[in-house]
Amino acid sequence: MIIKSIELIDFRNIENEKIEFKEGVNVIYGDNAQGKTNILEGIYLFARGKSFRASKDKELIKFGKNRAYSLLKYENNSGKGSLGVEISLNKPKSFYRNNIKASKTSEIIGEFRGVLFCPSHLGIISDSPSVRRSFLDVAISQLRPIYIKLLSKYNNYITNRNAVLKREDANEDKIRELMDIYSEELSLICAEISVIREEYIKKLDFWVKRFFEEMTDGKEIPEITYDANHSLNENATKEEIRQKYLNLYLENREREIKYGSTLYGIHKDDLKITVNGKEARLYASQGQQRSLALSMKMAEGEISREFTGEYPVFLLDDVLSELDEKRKNYVMSTIDKRQVIITTCEPSVFKSNNESFIKIKEGKRV
Ligand SMILES: Nc1ncnc2c1ncn2[C@@H]1O[C@H](COP(=O)(O)OP(=O)(O)O)[C@@H](O)[C@H]1O
Ligand SMILES: [Mg+2]
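End of the sequence shown sits at 457 in our numbering; the numbers just go up one at a time, nothing left out.
What follows is the structure, encoded as structure tokens:
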């Protein structure tokens with residue numbers, strides 16, 4: 092799919108700009124702190140349903156204003172479309188699809204599909220498990236509408252269950268019954284999410300092996316497997332996983348009450364990533380970790396294409412300057428046939444004549 096344009100109004104430091112993009116490589120350049128990443132942030136909002144760097148929506152509103160807008164026009168296999176968002180200081184943000192208001196954020200997720208690659212993503216191998224779970228969640232949500240609904244239901248149950256676990260009377264029969272209901276529901280959602288994650292991770296492993304091999308001339312073999320909190324083997328059925336969680340909740344009731352928190356579930360999952368059988372987090376060099384991270388991003392693009400029949404848009408936020416010549420060339424030669432939007436302070440590294448250039452200064456296109 093491709094983005095035709097993004098229009099931003101009172102969004103971060105951008106007062107009112109419409110930027111058009113071409114197929115192929117689009118380079119957004121300019122000095123530091125001019126608004127380059129703000130543009131990617133305005134685009135990627137539609138892939139995640141929220142900003143990739145602001146913890147509160149209101150941070151996106153231009154200082155001194157009450158509202159911010161972003162409008163994305165795109166074209167995919169099924170035709171042209173638009174996605175809009177209105178962010179207000181004192182009410183929840185509203186998304187629009189083809190000018191019709193969505194009742195929930197989850198309704199628009201998957202409509203625009205993008206792979207975002209930031210310098211911080213280069214640390215995904217050694218970061219905490221939550222970063223790897225978030226990678227999975229963002230990637231899978233764009234492909235499977237049910238997933239984001241399951242996750243949000245799951246998070247609600249966890250919040251409610253934890254509140255019950257913290258109650259003084261958590262051990263009393265009446266309350267235990269309530270907790271049993273939550274445990275039943277949670278086990279089922281855990282099983283559904285685990286099966287979807289397992290399937291995605293198998294595809295991830297396949298593509299990462301391919302990309303990593305190309306990058307490193309095949310001397311080292313990586314492997315990514317699902318380090319699932321249920322710790323059953325990869326062929327476990329949904330029902331077996333559900334039963335396992337149910338048992339974990341039953342057996343650990345006292346401990347969970349003691350900690351006042353749900354100790355088992357898909358919020359404890361991780362990815363196990365190895366190179367030649369050795370855990371990458373502990374033993375891979377920084378260069379290998381970067382190649383793995385890169386491979387995971389490229390794999391995300393391939394899996395999206397497998398699911399939807401078309402490549403997502405690649406958004407590279409100032410990441411090429413972090414890579415050495417060899418990796419940079421590899422990335423560019425692999426993705427330059429898709430739509431790519433790159434931000435950089437150094438436009439001179441792009442030498443071919445195929446790119447389109449967009450210069451940004453103080454929140455304006457110049
Ligand atoms: N809510 C906001 N209102 C106005 N300006 C903002 C807001 N949030 C961030 N900025 C400004 O945006 C600029 C940073 O933009 P950014 O896109 O991150 O820069 P870069 O071009 O380096 O990628 C800074 O000057 C910052 O002060
Ligand atoms: Mg930036």
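C-beta: ideal position from N, C-alpha, C; glycine also.
Where residue i sits in the DSSP three-state scheme
i: V410; result: coil
i: A124; result: coil
i: L180; result: coil
i: F154; result: coil
i: D264; result: helix
i: F405; result: strand
i: D415; result: coil
i: D308; result: coil
i: E330; result: helix
i: F297; result: helix
i: G400; result: coil
i: G140; result: coil
i: K442; result: coil
i: L131; result: helix
i: N247; result: helix
i: L277; result: helix
i: E325; result: coil
i: E437; result: coil
i: E391; result: helix
i: N253; result: helix
i: N104; result: coil
i: E259; result: coil
Residue i versus residue j - alpha carbon distance
i: I100; j: S376; result: 44 angstroms
i: E202; j: I280; result: 24 angstroms
i: K265; j: A124; result: 57 angstroms
i: T128; j: E263; result: 53 angstroms
i: A193; j: F112; result: 26 angstroms
i: F208; j: D271; result: 42 angstroms
i: T353; j: L269; result: 14 angstroms
i: I199; j: K310; result: 42 angstroms
i: A254; j: D260; result: 11 angstroms
i: S217; j: P210; result: 14 angstroms
i: E305; j: Y355; result: 38 angstroms
i: I348; j: R258; result: 8 angstroms
i: R144; j: L151; result: 10 angstroms
i: E314; j: K455; result: 44 angstroms
i: E345; j: L337; result: 14 angstroms
i: G133; j: S146; result: 14 angstroms
i: D361; j: R288; result: 10 angstroms
i: E98; j: D408; result: 19 angstroms
i: S412; j: F448; result: 17 angstroms
i: I292; j: I312; result: 16 angstroms
i: G290; j: N107; result: Checking the sequence shown, residue 290 turns out to be Glu, not Gly. Near 43 angstroms, if we compare the C-alpha coordinates of N107 and E290.
i: V440; j: T328; result: 50 angstroms
i: F405; j: K184; result: 25 angstroms
i: S142; j: A384; result: 21 angstroms
i: C436; j: Y421; result: 20 angstroms
i: S416; j: S322; result: Per the sequence shown, residue 416 should be read as Glu rather than Ser. Using only the alpha carbons, I get a separation of about 40 angstroms.
Paired residues, beta bridge with residue i - DSSP
i: V116; result: V431
i: R456; result: I451
i: E98; result: K109 and L162
i: P313; result: V366
i: D148; result: In the DSSP output, where bridge partners are listed per residue, D148 has none listed.
i: I93; result: E166
i: D318; result: D361
Beta-carbon spacing of residue i, residue j below 8 angstroms
i: I119; j: T316; result: no
i: E276; j: Y238; result: no
i: T307; j: S382; result: yes
i: G173; j: L163; result: Checking the sequence, you will find Ser at residue 173 rather than Gly. The answer is yes: Cβ separation under 8 angstroms.
i: I215; j: V222; result: yes
i: S161; j: L131; result: no
i: E401; j: N117; result: no
i: H212; j: K419; result: no
i: N320; j: K363; result: no
i: K153; j: N104; result: yes
i: K95; j: E166; result: yes
i: G115; j: Q430; result: yes
i: R333; j: S274; result: no
i: I451; j: G121; result: yes
i: D228; j: L241; result: no
i: I231; j: K294; result: no
Within-8 angstroms CB hit, residue i to chain B
i: L131; result: Annotation note: the requested chain B is absent from the structure, which comprises a single protein chain.
Legend entry - Runs of alpha helix (DSSP H) lying entirely within the stretch 332-382, each at least 4 residues, in chain order: 344-350 and 371-374
Legend entry - Those runs of the beta strand (DSSP E) which lie wholly inside the stretch 166-234 and span at least 3 residues: Runs found: 170-179, 185-188 and 205-208.
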